[in-house]
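Numbering (UniProt numbering), first residue to last: 1 to 1178.
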């Protein structure tokens, strides 16, 4: 729960004194009272301290000062500010910027009102060195017409393509400290990779992973432009070009990139909390970074869907044991040009061996081409439906498919088809997903739902093409009907459905082929087929309307008009209720209905007076029922349902209004069909944008609305917002249900007091065998979320807890259905706005669908250090060796995503933040997978001088205990580390670090390439204490050797170092290390528990390069590797190094021996690799 006046830390990372006094004054003048000011001073002179000395004695607010000697540098200074801040919220203030007096007060108000917000910013003014206002530039223009909330994850994805910082510099933002304090090694890194030049945006991405973004249009800060800024230096452009590439790559690796529709973000005016689509790119006028946009490509996505080398033997074994499937492919419309035909034939040539394709081309045989044995031609004069039937009847085929000339089959689709058909698919017809090439050559994806009766009948052009038909079924029903020459495939689908029902229709959720994007046109034969279908189903008055080309509306023509009871729960809010009831009575054409107003203990005098007046009228048309109990949406409606006189019920929110008089007729058009249980409407916000176009299970949680904020007449994905269709759930804001069905399933579950009761009802109805229909032809206005808009912020935490509990209850009851909505598609993401492609193909491409290997989902903590050695490389090696299947992922999956992927084991490396642990707690509750926690270091005892020490949670022991309580096994890198954690878990396994032979075998290094022996060290930024321990050694030997440092070098050692090489990408590290050409390598480590628990990885890396080694004689480096171990004393280190320098031949021999030992015993292969598999699996 947010306290009323939480502590805010204004943190000032200083370096330049020129404008600091003005910045400090603006912090001291803030109107918000509960503030601390933290100065983290990097200034190399005394100037900042002199200014502070004049203010500290008289400061009205507490001021803390940290003097950094030596200076930390920009990024680490920002990081220290966040770490040392004591406030719940952090407000940056750079030493040359200014805050308006009400800045903190306005921003903290947003946080208190909107608990979902993680980052608040405002418009900022540009000023010059003298404080004069400058004109806006593109980045400082206000993008919104008023204060706005923006979906945090949408904004992250947007920034990957459009990294212009309209959010503002650090001085413009405020955030929750807990959302940044655990980011390592600095607050401007993404998954361990430091982002430079646009480091502000990287910081904001880390914050926005936890919540939403708020923008205030009032200028609350001033950003000063002057010649001393880093942005004004000449190298910044080149740095920026490199940074935007890395920035976008890391966002994609984190699973935060949406791909399509990335120009659009969900936004909402403050005070409404109604997500609406907002074209941010159009408003800002930004363009994708030239040549660097992380352009999601369907072509690139589909190219990844191939069977990998390690999978091929398993696939071959599977298919060899299955009978051969004879597939007849009929290529229609082939002209004289052979280019398109050759594409089709070439794509079929890669079909798996058990899928025997017999190809019939309706076109002239090319004279010059060699005719494959499995291809025959039918002359143009004979190209009739009757000829097609004759060809099929005369061939010995199991299945047939009709395609147009030029269609290309995908390798992944053919593979999955072969696997499914070889398993004896119990279907008479199967359809697959498709890709369509537009006029511009760009591929689009048609990811179809499982068989959807109403969608198929309403939109045959998108749903009834390229089906596979079992030959037996096709012939049993008389083949294709020549009287419907323009729609004979659709005609057969409808006849098959009428004769054998929907249970014999299967769906392959993999793109099988690539065709041309079709045109939406009304086809007379399709209309005739649908009219015949209505007659056969017993609707003699039925008719088919084609109000939009190719999109059909089936009107069933029911004769009866049964009574409908419209239930409207309400409490107070009289103007809204009046609008609802008045529009109901004035604009409902359907004649036979009653309105039941359910008063949930209204308190306002006007509402009570009006309700009493209606009650006294004793009208049969409008009745008032009383529910004088605490709010429970389910109980309110259940009570009213018991009192209802109607044969049908409509659940209707009081914040709705009727727009069209046929709204109830459109609902009853489907509701009176015996197979239909529930019908939902199309709901629009007052501004005409989409509020409800159905509910998708698993979307952003148990279930949510897609298309929110789209234009009311938007077609939606595959035109699905324009046609009737079957869904798994619709909202109870406007829902029609037959009363007998409502009673049959027990009405609304009263344990769902507020959320998900409608989704639960729909799932119960569907489970009882009824269809759920959503129709766009019943249009109602819905304000939406009124009660949520008026929530007291003090109750926000209780509301969150209730909401989480109802989510958990849904998962417990319906998780398998939630994760696999038949109205959706596994290739579509469960995040974002809905109906967006899941861009990470590894989550959806499952060529070993029969699961011959254990499936491991491995979450690495980073992609550079221990994430590489202890997750990424072991995982990839085990996968390539055929020991496991699965995928690597930089983000944790939510409950529906995890159930959808369904791993056998989950590896969780160094997941210690509160947010991560919250997700893992739900993983434990709802996933059957074996869960493994992975750790490489003793985090509770980081060395005092480690740069990572300040980044760890203060209560790291508590975090680790909680994390370990949620998993089945704890894997560590050394025996001492296991001993240090003894008692924290009952199953601790040790798997030692080894080297990837692909990186470390066969490295080339030279010796004695300089006039002095080359002695060196390599490592990361966490080793400051280790290197400072040997500072005197380095100085002592500076004239005897060439010191070479790689990765980092403390400032005090720089004068004695001959060469310093900064860090590089880890993929290049092994070769770069070997190129140092060291005659001797050193590995000093301080004496402490953290280092004693470390692995010998540094010795292994040196050894793979053939470097002889002198190292500290600590537990971590003890063992049988041929290295020289010394105690951490100056004399011992100097003597050992000089001993090696005195006999470089013997020293080189030790390097060769070390290389041999490492290559023999310490490579990631054989038993070493199997240890990883055994550790990750039960």
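Heads up, the beta-carbon is just placed ideally off N, CA and C, and yes, glycines get one too.
Residue i, DSSP secondary structure in three states
i: residue 725; result: strand
i: residue 1180; result: Examination of residue 1180 is not possible in this model, given that the chain is present from 1 through 1178 alone.
i: residue 415; result: helix
i: residue 38; result: strand
i: residue 934; result: strand
i: residue 166; result: coil
i: residue 559; result: coil
i: residue 234; result: For residue 234, the predicted structure reports a pLDDT of 46, less than 50, and the residue's modelled location is therefore unreliable. A value from the coordinates is still provided. Note: residue 234 maps to coil in three-state DSSP.
i: residue 566; result: strand
i: residue 913; result: coil
i: residue 30; result: coil
i: residue 1255; result: The first residue shown for the chain is 1 and the last is 1178, placing residue 1255 beyond what the model contains.
i: residue 887; result: strand
i: residue 197; result: coil
Check whether residue i and residue j have beta carbons under 8 Å apart
i: residue 1154; j: residue 1103; result: yes
i: residue 424; j: residue 435; result: no
i: residue 488; j: residue 385; result: yes
i: residue 122; j: residue 220; result: yes
i: residue 912; j: residue 872; result: no
i: residue 452; j: residue 825; result: no
i: residue 203; j: residue 120; result: no
i: residue 399; j: residue 477; result: no
i: residue 1015; j: residue 1097; result: no
i: residue 506; j: residue 430; result: yes
i: residue 1152; j: residue 192; result: no
i: residue 1028; j: residue 1050; result: yes
i: residue 737; j: residue 677; result: yes
Between the CA atoms of residue j and residue i - distance to the nearest angstrom
i: residue 622; j: residue 592; result: 12 Å
i: residue 231; j: residue 96; result: Caution applies to residue 231, whose pLDDT of 47 falls short of 50 and renders its modelled position unreliable; the value that the coordinates give is listed next. Between residue 231 and residue 96, the C-alpha separation is close to 13 Å.
i: residue 1159; j: residue 1169; result: 14 Å
i: residue 1176; j: residue 304; result: 26 Å
i: residue 298; j: residue 165; result: 28 Å
i: residue 47; j: residue 21; result: 10 Å
i: residue 1224; j: residue 58; result: Residue 1224 lies beyond the residue range present for the chain, which begins at 1 and ends at 1178; the question has no answer from this structure.
i: residue 770; j: residue 671; result: 11 Å
i: residue 1003; j: residue 1020; result: 21 Å
i: residue 669; j: residue 590; result: 11 Å
i: residue 1174; j: residue 884; result: 10 Å
i: residue 1157; j: residue 1037; result: 29 Å
i: residue 1006; j: residue 1080; result: 12 Å
i: residue 267; j: residue 831; result: 16 Å
i: residue 776; j: residue 758; result: 19 Å
i: residue 1057; j: residue 1045; result: 7 Å
Nearest-angstrom Cβ-Cβ length linking residue i and residue j, presumed shorter than 8 Å
i: residue 984; j: residue 961; result: 6 Å
i: residue 332; j: residue 238; result: At roughly 55 Å, the Cβ-Cβ gap does not stay under 8 Å, so residue 332 and residue 238 are not in contact.
i: residue 903; j: residue 855; result: 5 Å
i: residue 171; j: residue 223; result: 6 Å
i: residue 1092; j: residue 1111; result: 13 Å between Cβ atoms; not a contact.
i: residue 1013; j: residue 1041; result: 5 Å
i: residue 464; j: residue 456; result: 6 Å
i: residue 151; j: residue 76; result: Residue 151 to residue 76, Cβ: 31 Å. No contact.
i: residue 976; j: residue 1026; result: Their Cβ separation, rounded to whole angstroms, is 17 Å, which puts residue 976 and residue 1026 out of contact at 8 Å.
Taking only runs that begin and end inside the region 1026–1099, name each unbroken beta strand (DSSP E) of 3 or more residues, in chain order. 1042–1047, 1059–1062 and 1080–1083
Runs of 4 residues minimum, wholly inside the region 956–1020: which ones carry the alpha helix (DSSP H) assignment? 956–965, 975–980 and 997–1000
At 3 residues or longer, what runs of the beta strand (DSSP E) sit wholly inside the region 330–397? 355–362 and 375–378
Where are the beta strand (DSSP E) runs, 3 residues long or more, that stay fully inside the region 742–824, in chain order? 771–782
In chain order, which alpha helix (DSSP H) runs of at least 4 residues are fully inside the region 43–114? 47–55, 74–84 and 103–113
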